[in-house]
Structures are given as C-alpha cells and as structure tokens.
Amino acid sequence: MTSGKIEEIKLQAGKDLDCVKSLQELELFRIKYLGKNGLLTELLKSLRNIDPSQRPAFGQAVNLAKKEIESKLTEKKVEFENQVLTKKLSEKEIDITLPGKRIPRGKKHPITVVMEDLVKIFRRLGFDIAEGPDVETEYYNFEALNIPKYHPSRDMWATFWLENGLLLRTHTSPVQIRIMEKKEPPLAFVVPGRVYRRDDDITHSAVFHQLEGLMVDLDITFGNLKGVLTAFLHAVFGKDKKVRFRPSYFPFTEPSAEVDVECSSCNGKGCRLCKNTGWLEILGAGMVDPNVFGYVDIDPEKYSGFAFGLGVERIAMIKYGIDDIRLFYENDLKFLRQF
Ligand code: FA5
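So for the sequence shown, the numbering used here puts the first residue at 73; every next one is plus one.
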C-alpha cells in the first residue's frame, strides 16, 4: 500500500463529485468514500498490514485525504440545499401584506386575581403582608401551634410528610409563629400562601391557597375579630350575602369559630356542593391561645390577639359560582378564559 493509492482515491473522488447532481447522489458519494465500508475507511483498516515504521505517516495522509473530501462534500451539500431553498421560494410567493398571526396574551389565574383582591382589602384595613416557606418543620406547622406529637387534632390536617421530619405546610398558620418570634406587638399581618393536604373532592383540593390573618395588641377582643371579618366579608360579597359565625375548635385558638357563606350554587336551598347544608365554609378563626404566646415569648397577661385562615379557592367559587374546586387546576383554557 502506498501514498499513490491515496492520491488515486482523491483524484477519483474529485471526478465523482463533479458528476453529482443532487442531494441523493451526494449521499451515495459519501457512502462510497466515507461510509462504514467506504474506500478511505478501508484504507484506514489496512493500516495493520503496513510496515510499523510507515504507519504514522500513512495514517496521517489518509486522515488528511478524508478531511479534504469531507470539506468538499459539505460545500457541495450547502450548494444543493441553497438551490432547493431558492427553488421553493420562487415557487411560493409570500404575501407580506397579509396580517400577522395574533399571539394571545396570557392573563392572571382567577385564584391569583382573587388573592390579590383579598390582600388589598386587608391592606386597606391596616394589615401588613408576610410570607413563609411551603416546606415546613413539624415544630412550626404543629408543635408551636399547640399541637404536640401524637395529639389527635393532628388528624385535622391530612399531611404530606417529607424526609427528615419536614412536611408540606398544611396551613398558613405556621407563619403566625414565624412573625411573632421576630416581631413585638402591636402586630397586624396577612399571609398569602399555598398549602397542601391529602384531600380531593369538589370542595377540597390537594393544593390550595389560604390567607392567614394575625392581630396582636393590648385589649384585642373577639369583638375586634368579628368586626374585622365582617368588614372583610362585606367588602368581598356585599352587604346582602348571608354569612354566619359558628363555634368551632382549633388547638391554637380559644374560643374558635368558623365562618360560612350562603352556598352560591343553590342560594342556601341545599345541593351537592354544600352537602345539602345551604352553607359553604370559608374560614377558621379565633382568639390566639395563651399556650401559643408561650412558644414565642409574648406575655398573655399583657397581650391578646386573634387569628384567622381563609380558603381562597372557596371564596373564588362563591364569587364566580363555580361548583367544583378542581376546575381551577385542570388548566382548561376554555374555563380560564371566562375570567
Ligand atoms: C385551618 O387551616 C386553620 N389554620 C385556620 C385558622 C387559622 C383557624 C387561624 C384559626 C386561626 P381549616 O382546616 O378549617 O383551618 O382550613 C381553613 C379554610 O381553608 C377552610 O375554611 C376552607 O375554606 C379552606 N380549606 C380547607 N381545606 C381545603 C381544601 N382541601 N381545599 C380547598 N380549601 C380548603
């Protein structure tokens, strides 16, 4: 095997390439010279039969020839592709006077809109905004809220547990603790946020939003709680919508209450959505339990406070007359465009 053979192949390749008339023929050319069993590939394979002292020089010469042929092939390919494109463009006229395609503009999700409206109402009532993490510790989500380990009330929140004792917060109440740890009364905060529970039916979603509220100061009473929440409910639903406060239980508030609004689907007559009660529960509330103040070093003899946690999806359902909470999260554009 000599370098003469390489020159011979290069010469032949040059002639062959001149005769190539299309991209398909170019592919056949590539296979003939550079393919798995192509002429140059075969030459490289024959290296093992050559005198070892001549191998490096021969190998280099074959690789050089390969590169030359490859670069000519690429040139030719670009030439053919340009020809094809020019032909296509000349056949198909583009009417540049036609109007362009309109790209639809995105909008805020209805839950974002409702959340922003609710926060605005509380801003007007003098509340500040705070936020906390979605991944919480057991301490903030339960313990410091007066829910010790193995306390049956932990079952009120079907929890998604993570590793190392962490969890996805089941409510925005842990942020109450984070605020009170850092700040001294007087306090008035709302906390918008996403929360997580192992729940799934027409009024319960596994991921949903709450707006937590906390007010702590001297002489705060249940009357203040009722006054603030009534002002809020009037601002959201108007003065005519029926609402009711009813006694309830939360480990971190005493006394506790829940607030229901007349069902939007049946106007209080009773239906599948309100489980025939005529009411939809929108929030839990109460006076901060003195035990909770104990965890954050606030003197319960001096200060008192109220807290509440409202379900943003529930309020959106009542406002817009939606009878299945899961519709908010199916990403059906036909549904979402209505807002
Ligand atoms: C709580 O989460 C308490 N942290 C609320 C609270 C805060 C009470 C401060 C006292 C003081 P509850 O589990 O009831 O409470 O949830 C509050 C509201 O969230 C409910 O009234 C309801 O409107 C909404 N909610 C509860 N679970 C779901 C769910 N799976 N999907 C959608 N909304 C829900």
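All C-beta atoms in this analysis are idealised placements derived from N, C-alpha and C, irrespective of residue type, glycine included.
For this session: Figure out for me which residue from Thr113, Ile81 and Asp200 has the closest Cα to the Cα of Leu259.
Result: In the sequence shown, counting from the first residue as 1, residue 259 sits at position 187. Among Thr113, Ile81 and Asp200, the Cα nearest to that of Leu259 is on Asp200.
Problem set entry | Cβ-Cβ separation, Phe324 to Leu217 (assumed contact under 8 Å), whole Å | Locating residue 217 in the sequence shown gives position 145, where the first residue counts as 1. Locating residue 324 in the sequence shown gives position 252, where the first residue counts as 1. Going by Cβ atoms, the distance from Leu217 to Phe324 rounds to 4 Å, so yes, they are a contact pair.
Exercise. Which one of Arg120, Gly107 and His181 has the shortest CA to CA distance from Asp404?
Worked result: Your numbering for residue 404 matches position 332 in the sequence shown. Of Arg120, Gly107 and His181, the residue nearest in Cα terms is His181.
Exercise. Taking C-alpha atoms, which residue in Asp395, Asp312, Gly356 and Ser162 lies nearest to Gly342?
Worked result: For the purposes of this step, residue 342 is identified with residue 270 of the sequence shown, where counting begins at 1. Nearest C-alpha to Gly342: Asp395.
Exercise. Do the CB positions of Leu112 and Lys144 come within less than 9 Å of each other?
Worked result: Sequence index remark: in the sequence shown, residue 112 carries index 40 (1-based). Sequence index remark: in the sequence shown, residue 144 carries index 72 (1-based). For Leu112 and Lys144, no; Cβs fall outside 9 Å.
Problem set entry | Proximity below 9 Å, CB of Ile390 to CB of Ser320 | Residue mapping note: residue 390 aligns to position 318 of the sequence shown, counting from 1. Residue mapping note: residue 320 aligns to position 248 of the sequence shown, counting from 1. Taking 9 Å as the Cβ cut-off, Ile390 and Ser320 do not qualify as a contacting pair.
Problem set entry | Phe411, buried or exposed, once every other Cβ within 10 Å from all chains shown has been counted against 16 | For the purposes of this step, residue 411 is taken as residue 339 along the sequence shown, with counting starting at 1. By the neighbour-count rule (16 or more Cβ atoms within 10 Å), Phe411 is not buried but exposed.
For this session: Alpha carbon to alpha carbon, how far is Asp312 from Val300? Give it in angstroms, no decimals.
Result: The residue given as residue 300 occupies position 228 in the sequence shown. The residue given as residue 312 occupies position 240 in the sequence shown. Cα to Cα, Val300 sits roughly 17 Å from Asp312.
Problem set entry | Under the three-state DSSP convention, the category His281 falls into | One-based indexing of the sequence shown puts residue 281 at position 209. Looking at His281 - three-state DSSP - the assignment turns out to be strand.
For this session: Check whether the region 292-310 touches the region 271-283, taking contact to mean three or more Cβ pairs, one atom from each stretch, closer than 8 Å.
Result: Under the Cβ criterion (8 Å, minimum of three pairs), the region 292-310 does not count as touching the region 271-283.
Exercise. Hey, is the region 224-234 in contact with the region 361-376, meaning 3+ C-beta pairs nearer than 8 Å?
Worked result: no
For this session: Determine contact between the region 239-253 and the region 279-286, defined as no fewer than three beta-carbon pairs at a distance below 8 Å.
Result: yes
Exercise. In whole angstroms, what separates the C-alpha of Phe304 from that of Glu353?
Worked result: Your numbering for residue 304 matches position 232 in the sequence shown. Your numbering for residue 353 matches position 281 in the sequence shown. A direct Cα-to-Cα measurement between Phe304 and Glu353 gives close to 15 Å.
Problem set entry | C-alpha gap between Glu41 and Gln126, whole angstroms | With the chain running from 73 to 411 in the structure shown, residue 41 is simply not present.
For this session: Quick one: measure Cβ to Cβ for Val333 and Phe317, integer angstroms, because I've assumed they're closer than 8 Å.
Result: If you number the sequence shown from 1, residue 333 lands on position 261. If you number the sequence shown from 1, residue 317 lands on position 245. Incorrect: roughly 11 Å between the Cβ atoms, too far for contact.
Exercise. Per DSSP, what kind of secondary structure is Ala85 in: helix, strand or coil?
Worked result: Residue 85 sits at position 13 when you count from the first residue of the sequence shown. Looking at Ala85 - three-state DSSP - the assignment turns out to be helix.
Problem set entry | From Ser277, Val150, Phe261 and Glu253, residue whose alpha carbon lies closest to that of Leu95 | Indexing the sequence shown from 1 puts residue 95 at position 23. Of Ser277, Val150, Phe261 and Glu253, the residue nearest in Cα terms is Val150.
Problem set entry | First and last residue of the uninterrupted alpha helix (DSSP H) at Ala137 | Sequence index remark: in the sequence shown, residue 137 carries index 65 (1-based). Looking at the DSSP string, the run of the alpha helix (DSSP H) that includes Ala137 is Arg127 to Glu163.
Exercise. Which residue comes first and which comes last in the beta strand (DSSP E) that contains Leu240?
Worked result: For the purposes of this step, residue 240 is identified with residue 168 of the sequence shown, where counting begins at 1. From DSSP, the beta strand (DSSP E) with Leu240 extends over Leu238 to Leu240.
Exercise. Which residue's Cα is closest to the Cα of Ala202: Thr209, Gly265, Ser162 and Glu210?
Worked result: If you number the sequence shown from 1, residue 202 lands on position 130. In this structure, Gly265 is the residue among Thr209, Gly265, Ser162 and Glu210 with its C-alpha nearest to the C-alpha of Ala202.
Exercise. How long is the line joining the alpha carbons of Glu204 and Lys179, rounded to whole angstroms?
Worked result: Here residue 204 corresponds to residue number 132 of the sequence shown, with the count starting at 1. Here residue 179 corresponds to residue number 107 of the sequence shown, with the count starting at 1. In the sequence as displayed, the identity of residue 204 is Gly instead of Glu. About 26 Å.
Exercise. Helix, strand or coil: which one does DSSP assign to Tyr321?
Worked result: As a working note, residue 321 is residue 249 in the sequence shown. In the structure shown, Tyr321 sits in a strand (DSSP, three-state: E or B).
Problem set entry | Thr209 - containing beta strand (DSSP E), residue span | On the sequence shown, residue 209 is found 137 positions in, with the first residue counted as 1. Taken as a continuous stretch (DSSP letters only), the beta strand (DSSP E) holding Thr209 covers Val207 to Thr209.
Problem set entry | Selection from Phe365, Val331, Phe400 and Leu157 that minimises the alpha carbon distance to Thr302 | Start at 1 with the first residue of the sequence shown, and residue 302 comes out as number 230. For Thr302, the closest alpha carbon among the candidates Phe365, Val331, Phe400 and Leu157 is that of Val331.
Exercise. Is Ala307 near Arg196, with beta carbons less than 9 Å apart?
Worked result: Mapped onto the sequence shown, residue 307 falls at position 235. Mapped onto the sequence shown, residue 196 falls at position 124. A contact, by the Cβ cut-off of 9 Å.
Problem set entry | Span of the beta strand (DSSP E), counted from its first residue to its last, around Arg344 | The residue labelled residue 344 in the question sits at position 272 within the sequence shown. Taken as a continuous stretch (DSSP letters only), Arg344 belongs to no beta strand (DSSP E), as it is neither H nor E.
Exercise. Which runs of the alpha helix (DSSP H), 4 residues or longer, sit entirely within the region 174-227?
Worked result: 182-196 and 210-213
Problem set entry | Close beta carbons around Val64, own chain, < 7 Å, minus the five adjacent residues each side | The requested residue 64 is not part of the displayed model; the chain covers only 73 to 411.
Problem set entry | Close beta carbons around Phe407, own chain, < 6 Å, minus the five adjacent residues each side | Numbered from its first residue, the sequence shown carries residue 407 at position 335. Result list for Phe407: Leu399, in chain order.
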